[in-house]
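A short worksheet on the structure shown next.
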């Protein structure tokens, strides 16, 4: 049968393991939280890059649309002036 001192010593070793594992678990959970933050920041950067690219593309398309609108207006005005000249 184990002596009291042996049982206490074994319990102390178990307690040391318990404390060590608790500390390691907390450390790993902190690292996990930091990694999640970094991942979210990375995803945010990626989304922001995509938004910037879409804004550039949108400006280019708006410019093309404005040029096409001006061209349509000029064509319409030119066509109407031809009609007026023919009928007038």
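In full-length UniProt numbering, the protein residues as written are 1 to 88.
Just so you know, even glycine gets a beta-carbon here, dropped at the ideal spot from N, CA and C.
Fair warning: this is a prediction, and the values are worked out from it, not measured in the lab.
{"Item": "Assigned secondary structure, residue 42 (DSSP; H/G/I helix, E/B strand, else coil)", "Value": "helix"}
{"Item": "Span separating the alpha-carbon of residue 60 from that of residue 66", "Value": "10 Å"}
{"Item": "Coil, strand or helix - residue 69 by DSSP", "Value": "helix"}
{"Item": "Helix, strand or coil at residue 2 according to DSSP, with G and I counted as helix", "Value": "coil"}
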